[in-house]
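Have a look at the structure below before the remarks.
2 protein chains.
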Amino acid sequence: MPATATYTSSGYWYDEGRVGAVDVLNLFRRYRAADERMQRRSRESMQMGDNDLRAMRFLLQSWAKGRPPVARELAELLRISTASVTALIDRLVRAGHVVREANPEDRRSVVLRTTEHGDACVRGTLDRMHHEMMAAAERLDPSERAVVARFLREMTEAVDRGAAEDAPEPRGGERSPAGA
Amino acid sequence: MPATATYTSSGYWYDEGRVGAVDVLNLFRRYRAADERMQRRSRESMQMGDNDLRAMRFLLQSWAKGRPPVARELAELLRISTASVTALIDRLVRAGHVVREANPEDRRSVVLRTTEHGDACVRGTLDRMHHEMMAAAERLDPSERAVVARFLREMTEAVDRGAAEDAPEPRGGERSPAGA
DNA sequence: GGCTTTAGCTAGCTTGTCTAGTAATGAGCA
DNA sequence: TGCTCATTACTAGACAAGCTAGCTAAAGCC
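This is how it looks when you write it as structure tokens:
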């Protein structure tokens, strides 16, 4: 980065007048690296695979929305087979994070209830971080938030566009209702 | 999101005067989801695992910097054992993406040269997206870039801080020289 | 020259995914 | 109502990619 670096309480700081486009992209990359570190540590600290953790987060979200989650939804979310979901749920049940329950609305399916233990386990790792991120977003004033929001939308589109062309319907395409 | 939604050529658009902190975090999450989609598609389109793709990118970067990469560095980057790196390189060699070469500076080690085919394969997928992202970053004026940069730094710190506390030396700690 | 460390490989194991096939239930139709 | 097809979850068996342990060859250090 070309900017003159000075040091503040919150880490390195760069003269804001000189931030280049490349710097912004580098910061993005750096964020992603931090995010990956965080995820890896979460997984290791609670002895869980990537998909297992994502599944737990999905289950918590679903219950929070008042929509009891079933196994099939995990297969869609994680893009794994229903057989793999069965194995995944077995693991979560064995670890005491989840219990299977009968679904009164469709007796073929299985509702996945998170245990208090599993709930606390996942929340403990993620809530603090979420809180910190929220605080960062709240420190922005309204016009700054608008700038960030616009940029994030453009980056999202850039990523979607960039990837859309060389993988035409990789395997059944998007399964979600919102689609491509 | 609370804002009044209107529709533009580039998708949904929200009244910029009303973007809340939650909205920013949602957009951030959405970006991350797009990024994951992209990576998955890359992997699928070139029949490659996650680590294999990351390894290829690292190799390209190393050569670009004029610093021939060796196998050990992949073990550090990907945090996998040297045995797994051997297997990973075997896969890349079998796919024709990489060739092993003798290292004149240390005859124990193996320099990994990317083939023209592997080079084109990986670049083709990533360069376009990188170009689009750069364009988005360049559309920002200097003061906007400063805002985005500050936000990204704060998010990175939030993630690092949030994850740092609950994973004290999870399993033998870091394998890197700084470790236990 | 010996001893230790480092780089990479081999062998055998574990884990998480896959495909194929099955049983039970739901949904549509004559 | 009974028949047929679709859907949900499960079991069994195979495969892929990681791991640990142990090996050889080269480098580094007294």
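Protein chains in written order, with the working numbering: chain A, 1 to 180; chain B, 181 to 360. The C-beta atom is built at its ideal place from N, Cα and C for all residues, glycine as well. No experiment lies behind these values; they were computed from the predicted model shown.
Helix, strand or coil, according to DSSP, for residue i in the structure here?
i, result
"L140 of chain A", "coil"
"R210 of chain B", "helix"
"E281 of chain B", "strand"
"V148 of chain A", "helix"
"P2 of chain A", "Since pLDDT at P2 of chain A reaches only 46, below the 50 mark, its modelled position is unreliable, and no value is offered."
"V19 of chain A", "coil"
"W193 of chain B", "In this prediction, W193 of chain B scores a pLDDT of 47, lower than 50, which makes its location untrustworthy; the coordinate-derived value is nonetheless stated afterwards. Strand at W193 of chain B."
"R41 of chain A", "helix"
"D340 of chain B", "helix"
"V70 of chain A", "strand"
"R308 of chain B", "helix"
"R107 of chain A", "coil"
"M46 of chain A", "coil"
"M133 of chain A", "helix"
Taking residue i as the reference, give the member of the options with the closest Cα.
i, options, result
"V273 of chain B", "B:A235, B:R288, B:P248", "B:A235"
"E253 of chain B", "B:V291, B:R198, B:V302", "B:V291"
"D52 of chain A", "A:C121, A:N26, A:D23", "A:C121"
"E296 of chain B", "B:L239, B:P322, B:F331", "B:L239"
"S84 of chain A", "A:G49, A:R29, A:E44, A:N103", "A:G49"
"D90 of chain A", "A:S42, A:A71, A:D127, A:Q61", "A:A71"
"G342 of chain B", "A:R153, A:P68, A:S42", "A:S42"
"P284 of chain B", "B:P248, B:I260, B:A316, B:S261", "B:P248"
"R259 of chain B", "A:R37, A:P142, A:V148", "A:R37"
"M140 of chain A", "B:R220, B:R330, B:S225", "For the record, residue 140 of chain A in the displayed sequence is Leu; it is not Met. Closest by alpha carbon: B:R330."
"A244 of chain B", "B:R220, B:R293, B:T266, B:S289", "B:R293"
"V98 of chain A", "A:R57, A:R108, A:Q39, A:D106", "A:R57"
Note the first and the last residue of the continuous beta strand (DSSP E) segment covering residue i.
i, result
"R293 of chain B", "290-294"
Locate the alpha helix (DSSP H) running through residue i, then write down its first and last residues.
i, result
"M236 of chain B", "230-244"
"S84 of chain A", "82-94"
"R259 of chain B", "It is not in any alpha helix (DSSP H) - R259 of chain B carries neither H nor E in the DSSP assignment."
Since I believe residue j is in contact with residue i (beta carbons under 8 Å), could you give me their beta-carbon distance rounded to a whole number of angstroms?
i, j, result
"Y31 of chain A", "M309 of chain B", "So it is not a contact: roughly 16 Å between Cβ atoms."
"G124 of chain A", "G96 of chain A", "No, G124 of chain A and G96 of chain A are not in contact; Cβ-Cβ is about 15 Å, not under 8 Å."
"A201 of chain B", "E101 of chain A", "In fact, because the Cβ distance is near 36 Å, the residues do not count as touching under 8 Å."
"A146 of chain A", "E312 of chain B", "Going by Cβ atoms, the distance from A146 of chain A to E312 of chain B rounds to 22 Å, so no, they are not a contact pair."
"L332 of chain B", "L27 of chain A", "4 Å"
"A34 of chain A", "D340 of chain B", "5 Å"
"M134 of chain A", "L205 of chain B", "6 Å"
"V186 of chain A", "P322 of chain B", "In this structure chain A extends from 1 to 180, so residue 186 of chain A is not present and cannot be described."
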